[in-house]
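2 protein chains.
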Amino acid sequence: MSEADPKPTRGRPKTMNAEQVLDVAMTAYWQSDPADVSVNAICQMAGISKPSLYREFGSEDGLSRAVLDRYAEQVLSEMFDVLHSGQGLHDTLAALINFASDDPRMETGCLFYKMRAGKHRLGPETRARVDEIDASAQAAYAAFLRAARDAGEWSNGLSAEAGAKYLGEQIALAITQRASGESPARIREMLTLALSVFTRA
Amino acid sequence: MSEADPKPTRGRPKTMNAEQVLDVAMTAYWQSDPADVSVNAICQMAGISKPSLYREFGSEDGLSRAVLDRYAEQVLSEMFDVLHSGQGLHDTLAALINFASDDPRMETGCLFYKMRAGKHRLGPETRARVDEIDASAQAAYAAFLRAARDAGEWSNGLSAEAGAKYLGEQIALAITQRASGESPARIREMLTLALSVFTRA
DNA sequence: TTGTTTTGGTACCGTACAGTACGAATAGCA
DNA sequence: TGCTATTCGTACTGTACGGTACCAAAACAA
Numbered sequence: 006m007s008e009a010d011p012k013p014t015r016g017r018p019k020t021m022n023a024e025q026v027l028d029v030a031m032t033a034y035w036q037s038d039p040a041d042v043s044v045n046a047i048c049q050m051a052g053i054s055k056p057s058l059y060r061e062f063g064s065e066d067g068l069s070r071a072v073l074d075r076y077a078e079q080v081l082s083e084m085f086d087v088l089h090s091g092q093g094l095h096d097t098l099a100a101l102i103n104f105a106s107d108d109p110r111m112e113t114g115c116l117f118y119k120m121r122a123g124k125h126r127l128g129p130e131t132r133a134r135v136d137e138i139d140a141s142a143q144a145a146y147a148a149f150l151r152a153a154r155d156a157g158e159w160s161n162g163l164s165a166e167a168g169a170k171y172l173g174e175q176i177a178l179a180i181t182q183r184a185s186g187e188s189p190a191r192i193r194e195m196l197t198l199a200l201s202v203f204t205r206a
Numbered sequence: 006m007s008e009a010d011p012k013p014t015r016g017r018p019k020t021m022n023a024e025q026v027l028d029v030a031m032t033a034y035w036q037s038d039p040a041d042v043s044v045n046a047i048c049q050m051a052g053i054s055k056p057s058l059y060r061e062f063g064s065e066d067g068l069s070r071a072v073l074d075r076y077a078e079q080v081l082s083e084m085f086d087v088l089h090s091g092q093g094l095h096d097t098l099a100a101l102i103n104f105a106s107d108d109p110r111m112e113t114g115c116l117f118y119k120m121r122a123g124k125h126r127l128g129p130e131t132r133a134r135v136d137e138i139d140a141s142a143q144a145a146y147a148a149f150l151r152a153a154r155d156a157g158e159w160s161n162g163l164s165a166e167a168g169a170k171y172l173g174e175q176i177a178l179a180i181t182q183r184a185s186g187e188s189p190a191r192i193r194e195m196l197t198l199a200l201s202v203f204t205r206a
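Line by line, the protein sequences are chains H and S.
Under our numbering, the first residue of the first sequence is numbered 6, with each subsequent residue one higher.
Under our numbering, the first residue of the second sequence is numbered 6, with each subsequent residue one higher.
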């Protein structure tokens, strides 16, 4: 992932903690919106100077890409583990509904979906990473639906790819609505309705 | 709506055409995103100077509010006429699906939904207008669903308000996906699936 | 002609942004 | 004690933005 720094034995010791900066940036991006948080603001919040940030991450694009990587590792991975938990279709969908509607981490939305929604405002590296993650998420949804179909739990006229897209977009919609202050109960009601197409013949 | 100008008999005759400026701004906002189009760019595209624009609209907020008003009159009104066409539930839903999936005007998305998605970046007047339109749209959807229920065409356990919210968000999602380049066929497939909850018992 | 009124645009204001030049600070090594 | 390597942050660059001061242009009225 990142080039292993051979820990230089000479030179002024670094006081900047890259991971703490990433945490600060991730929280800020996540709580509001990547497009509304400037590099200046992140430096101020993290208590470092701008050159320090640029030495570490190269550019704003490099920073946001690193933040997205961290978010994928720390948050998205857990979300996609649900798809491989081996439970049945119904239980897995219920788990997804629970996560999207009630998980406190999604109270201000999902950083990945925020980045995807404002993709054109991101730098090329971050944008490419967004596309990668989007593709792998769709693949995971599709694999999950294929498994459910093979197990005879679902037999729609829909292709697994179309179903995956639908499932992914419904979850994205639900989480995005949480960021705009909609009540978890309403979101649960609507998402349950949207996903009922998988459990009703 | 706007204060009637008493057409002054004195002073230099105005060469600026406010409606043409609004058209230019609406097209620009609509094609890309209100947050990505500057006042400078609009002035350049419209061939006028910045003070002229500010004399007419007061501020960027005033301009975007005027653009939204125009959009509501010219585009949204037609969309909501569908709800009052008096057809049955099934036909009306089909008309909405047609509009969202295939109407060429929605090829680059819906300006209203773009503004709503980036509401926090708008000025106070425009933001208030967005909320107004959102509320009246929900009311129209709810009235439509109540009428359908009274006619016995729909008998879900859902409240008309929850159904209205669901319906509106599904249409918004479909149109927003068109702006991100998704194929009309896919969008139609997914929106049809999402709205099938209204026609299946 | 001489004012008065209205609209025109040039040139500017202050602010915020991403990104950088550069010298001071701090370490190990000779 | 230098010398070199590395990180530090102050202070700056250039650009873009929303918004405005100001005066010239163009009409009618006296």
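The beta carbon of each residue, even a glycine, is placed where N, CA and C say it ideally should be.
Since this is a predicted model, take the numbers as computed values, not measurements.
Residue range of the alpha helix (DSSP H) that VAL80 (chain S) falls in? That residue, VAL80 (chain S), is in no alpha helix (DSSP H); it is neither H nor E in DSSP.
Using a C-beta to C-beta distance shorter than 9 Å, which residues of chain S count as neighbours of LEU178 (chain H)? GLU174, GLN175, ALA177, LEU178
Does VAL44 (chain H) have its Cβ less than 8 Å from a Cβ in chain S? no
What residues in its chain sit with their C-beta under 8 Å from that of PRO46 (chain S), if we drop five residues either side in the sequence? A small correction: the amino acid at residue 46 (chain S) is Ala; Pro does not occupy that position in the sequence shown. So the list reads ALA33, once near-sequence residues are dropped.
What did DSSP end up calling ILE53 (chain H) once you bin it into helix, strand or coil? coil
Given this structure, state the Cα-to-Cα distance separating LEU81 (chain S) from ASP107 (chain H), to the nearest angstrom. 33 Å
Please work out which residues of its chain come closer than 7 Å, Cβ to Cβ, to SER7 (chain S), disregarding the five sequence neighbours upstream and downstream, and give them in chain order. Below a pLDDT of 50, predicted positions are generally treated as unreliable, and SER7 (chain S), at 44, falls in that range; the measurement from the model is reported next regardless. Closer than 7 Å at the Cβ level, and outside the excluded window around SER7 (chain S), lies no residue.
Could you say which of S:ARG17, S:ASP66, S:GLY16, S:VAL135 lies nearest to LEU27 (chain S) if we only look at CA atoms? S:ASP66
For MET111 (chain H), three-class secondary structure by DSSP: helix
Note down the Cα distance separating SER188 (chain H) from HIS95 (chain H), rounded to an integer number of angstroms. 23 Å
What three-state label does DSSP hand ARG132 (chain S) in the structure shown? helix
Assuming SER69 (chain H) contacts THR131 (chain H) under a Cβ cut-off of 8 Å, what Cβ separation, rounded to an integer in Å, is found between them? 4 Å
Using a Cβ-Cβ cut-off of 7 Å (strictly less than) and excluding sequence neighbours within five positions of ARG75 (chain H), which residues of its own chain qualify? LEU27, MET31
So LEU98 (chain S) and GLU174 (chain H) are supposed to be a Cβ contact under 8 Å. How far apart are they, rounded? About 19 Å separates the two Cβ atoms, so there is no contact after all.
DSSP on ALA46 (chain S), reduced to helix/strand/coil? helix
I think ALA184 (chain H) touches ILE138 (chain H), with their Cβ atoms under 8 Å apart; what is that distance to the nearest whole Å? About 18 Å separates the two Cβ atoms, so there is no contact after all.
Which of helix, strand or coil DSSP assigns to MET6 (chain S): A caution first: MET6 (chain S) carries a pLDDT of 42, below 50, which makes its placement in the model unreliable, though a value can still be read off. Coil.
If we ignore side chains and look at the alpha-carbon of each, how far apart do PHE104 (chain H) and ARG191 (chain H) end up? 14 Å
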